[in-house]
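First to last, the protein sequences are chains P and X.
Here the numbering used here runs 43 ahead of the position in the first sequence, where the first position is 1.
Here the numbering used here runs 43 ahead of the position in the second sequence, where the first position is 1.
All C-beta atoms in this analysis are idealised placements derived from N, C-alpha and C, irrespective of residue type, glycine included.
Remarks on the structure that follows.
Number of protein chains: 2
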Amino acid sequence: MDWDPKRPRWQQIADVLRQRITDGTYPPDTMISESAITQEWGVARITARKAVAALRAEGLVTTVPGMGSFVL
Amino acid sequence: MDWDPKRPRWQQIADVLRQRITDGTYPPDTMISESAITQEWGVARITARKAVAALRAEGLVTTVPGMGSFVL
DNA sequence: CTTTATTTGTCCGTATGTATG
DNA sequence: ACATACATACGGACAAATAAA
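Printed below as a string of structure tokens:
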């Protein structure tokens, strides 16, 4: 991923995840873990968390402590 | 149970159990098992164990391996 | 004595929540 | 944005202790 320096990384990651959810790549109940994000994009966990938090705020995923975040 | 996200679940469970002990709902010798807690609150066993451990630390219950935890 | 059932003790792996630097 | 650490939480598995059939 070549980052756009003009926008936060977590936002760019959230954009990709949002696309995958809306286009069916990530069907309901698909788990989106923070570690998976850190591995795919090579970012820190805190950055991955911000991306997931954005999707959660949009009502696209739900987060269960100790379990993970899942597509709604 | 609608959890208060600001406080640990095991603490909130311990609060309820403590109340039941002090108000006589759970008289002495009443057994408080971990499985009973997991079933009533829908939490993992480790969470139930932490709640019981808190009560034990407060001297409200005693735990006997292989038997259970009992109100003092 | 053996078996069965129940409960606590412990450990592993994984994941999120929070805090500090 | 990153690195690290610790707490909290879920799931599963196996051992040890206790009691009862």
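Limits of the unbroken alpha helix (DSSP H) element including residue i
| i | result |
| --- | --- |
| Ser-76 (chain X) | Per DSSP, Ser-76 (chain X) belongs to no alpha helix (DSSP H) and is neither H nor E. |
| Val-59 (chain X) | 52-65 |
| Val-114 (chain P) | Where Val-114 (chain P) is concerned, there is no enclosing alpha helix (DSSP H), although the beta strand (DSSP E) it sits in stretches over 111-114. |
| Ala-23 (chain P) | This structure cannot settle anything about residue 23 (chain P), because the visible part of chain P is limited to 44 through 115. |
Sequence-distant residues of the same chain with beta carbon closer than 8 Å to residue i, five excluded per side
| i | result |
| --- | --- |
| Thr-105 (chain P) | Arg-99, Ser-112, Phe-113 and Leu-115 |
| Asp-72 (chain P) | Phe-113 and Val-114 |
Enclosing beta strand (DSSP E) for residue i [first to last residue]
| i | result |
| --- | --- |
| Thr-106 (chain X) | 104-107 |
For residue j and residue i, the rounded distance between their alpha carbons
| i | j | result |
| --- | --- | --- |
| Asp-58 (chain X) | Val-107 (chain X) | 22 Å |
| Tyr-69 (chain P) | Arg-61 (chain P) | 9 Å |
| Thr-116 (chain X) | Gly-102 (chain X) | The shown model of chain X, from 44 to 115, leaves out residue 116 (chain X), and the question about it has no answer. |
| Met-74 (chain X) | Gly-67 (chain X) | 13 Å |
Residue i burial status per 10 Å Cβ neighbour count (16 or more: buried)
| i | result |
| --- | --- |
| Arg-88 (chain X) | exposed |
Neighbourhood of residue i by C-beta, 6 Å cutoff - its chain only, sequence neighbours within 5 removed
| i | result |
| --- | --- |
| Thr-90 (chain X) | Arg-52 and Trp-53 |
| Ala-97 (chain P) | Ala-57 |
Residues near residue i in its chain [Cβ-Cβ closer than 7 Å; skip 5 each side]
| i | result |
| --- | --- |
| Arg-92 (chain X) | Glu-77 |
| Met-44 (chain P) | Trp-84 |
Pick from the options that is closest to residue i, judged by C-alpha positions
| i | options | result |
| --- | --- | --- |
| Glu-83 (chain P) | P:Ile-56, P:Arg-50 and P:Pro-48 | P:Ile-56 |
| Met-110 (chain P) | X:Gly-109, X:Thr-81, X:Val-86 and X:Ala-94 | X:Val-86 |
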